[in-house]
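For reference, the structure is listed below as structure tokens.
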Amino acid sequence: MIRTPLCDLLGIEYPVLQGGMAWIADGKLAAAVSEGGGLGIIAAGNAPADYVRQEIRTAKALTKKPFGVNVMLMSPFAGEVAQVIAEEQVAVVTTGAGNPSQYMAMWKEAGVKVIPVVASVAMAKLMTRLGASALIAEGGESGGHVGELTTMVLVPQVCDATTLPVIAAGGIADGRGVAAAFMLGACGVQMGTRFLSAVECSIHPDYKEKILKAKDLCTMVTGKRLGHPVRSLRTPFARNYAKAEYGGVDDETLEAMGAGALRRAVEDGSMEDGCFLSGQIAALVKKEEPAAEIVRDVIEGAEPLLKGAMKWVR
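Mapping the sequence shown onto our numbering, position 308 (from 1) lands on 295, and the numbers just tick up by one.
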């Protein structure tokens, strides 16, 4: 069985993290992934601190194994959520959409391991200097907020720029993706879209069905004009937003169009008003299955590929 330094660092069986997907990754899903041997992550998103605390306590009631919380640093509640994470002594915090430096001392004092998501070498170097425990190098193939570089390009550069364990994210959904990530220098992977198909994932049935029926060109990126590009499924909402984005609509109207769109997709399954976050890898997600099986499947799928990686060399 594949075991890397990341397993020892985080106290997990398999080097697999579940991505922090806003309004999707709740305490139930995070606990299921952790029970399956990976590291489940609760997504704070734009939710208030009380919501996050409740989800943390839900996870604690369902598992005694380590789990984490993802903080979206653009959230107006980021500071309050950061404090809750320290108070609840969550094992791990991952961060996105910003620089977590103002909270790192508090988290580390509380014994929380800090693993920022980075989309550039410069951010990887900064987080290394500030004392992060590990880094998640996330390529633009991922769902949600995305950077410019692809996973294939970003991961080896981040591995070269830091001595910290590197977790690859973006475009990973099976053993082939895990094996590729390890060959690039990562010692773990983070998957988001693959866990949308988990039995314990409580998204609207129409959202889950759309993921399971996805094809190779199923996603698109919107929001670049506002400086916060987001990858999602090609729904009527996404297409209408793209038309508005490049059709002369002012920034304030665009912001209003996007407000609450993800939550509407998750709770209502609305194709007209909801933003269905998804990575490009959705076409490889074929069936609904328990989160624990997903964790095991990707690791067991990677093992023979890594063992036979040199068979082509003469």
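Each residue gets a CB set at the ideal place from its N, CA and C atoms; glycine is no exception.
It should be emphasised that the depicted structure is a prediction, and the values quoted were computed from it without experimental measurement.
- Item | Which listed residue (MET170, ARG163, GLU67, MET114) has its alpha carbon closest to that of ALA148 | MET114
- Does the region 167 to 187 come close enough to the region 262 to 271 that 3 or more CB-CB pairs lie under 8 Å? yes
- Rounded straight-line distance, which links the Cα of THR50 to that of ALA78: 13 Å
- Message: Since LYS168 and ALA160 should fall inside the 8 Å C-beta cutoff, what is the C-beta to C-beta distance between them, to a whole number of angstroms?
- Response: According to the sequence provided, residue 168 is Ala. The question's Lys does not apply to it. Wrong, their Cβ atoms sit about 11 Å apart, outside the cutoff.
- Going along the chain, which residues of its own chain have a beta-carbon closer than 7 Å to the beta-carbon of ALA18, five neighbours each way excluded? GLY27, ALA46, LEU49, THR50, PHE54
- Item | Residue environment, GLY127, which counts as buried when at least 16 other CB atoms sit within 10 Å | buried
- Local conformation of LEU60 per DSSP, three classes: coil
- Task: Tell me ARG218's beta-bridge partners as DSSP assigns them.
- Result: GLY131, VAL208
- Task: Identify which residue in GLY83, GLU75, VAL104 has its Cα closest to the Cα of GLU96.
- Result: GLU75
- Item | Residue from MET258, THR137, HIS215, PHE224 with nearest C-alpha to ASP238 | HIS215
- Message: For the beta strand (DSSP E) containing ALA156, name the first residue and the last one.
- Response: 153 to 156
- Message: Assuming contact is defined by CB atoms lying nearer than 7 Å, are MET110 and GLY83 in contact in what I supplied?
- Response: no
- Item | In chain order, each beta strand (DSSP E) run of at least 3 residues that lies wholly inside the region 10 to 88 | 27 to 30, 54 to 59, 79 to 83
- Would you identify the three-state DSSP class for LYS195, choosing helix, strand or coil? helix
- Kindly indicate the opening and closing residues of the beta strand (DSSP E) around LEU122. 122 to 125
- Residues near PHE224 by beta carbon distance below 7 Å, same chain, minus five either side: ALA248, MET258, GLU259, ASP260, GLY261, CYS262
- Message: Quick check on this structure: which residue in HIS132, ARG250, ARG251, VAL282 has the alpha carbon closest to the alpha carbon of LYS211?
- Response: HIS132
- Query: Pairing CB atoms from the region 5 to 17 with CB atoms from the region 30 to 45, are three or more of them under 8 Å?
  - Reply: yes
- Query: Since ARG5 and GLY25 are thought to touch, with beta carbons under 8 Å apart, how far apart are those beta carbons, to the nearest angstrom?
  - Reply: Before going on, a small fix: residue 5 reads as Gln here, not Arg. Yes, they are in contact, since the Cβ atoms of GLN5 and GLY25 sit about 6 Å apart, within 8 Å.
- Item | Paired residues, beta bridge with GLY175 - DSSP | ILE154
- With DSSP collapsed to three states, give me the class of ILE286. helix
- Task: Figure out for me which residue from LYS52, GLY7, CYS(-6), ILE29 has the closest Cα to the Cα of SER21.
- Result: LYS52
- Message: Quick check on the burial criterion: 16 or more other C-beta atoms within 10 angstroms. Buried or exposed for PRO(-8)?
- Response: exposed
- Task: Report all residues from its chain with a CB closer than 6 Å to the CB of ALA243; omit the five preceding and five following residues, and keep chain order.
- Result: none
- Message: Just to confirm, is the Cβ distance from TYR228 to THR209 under 7 Å?
- Response: yes
- Message: The alpha helix (DSSP H) that contains GLN267, what's its start and end?
- Response: Run containing GLN267: none; DSSP gives neither H nor E here.
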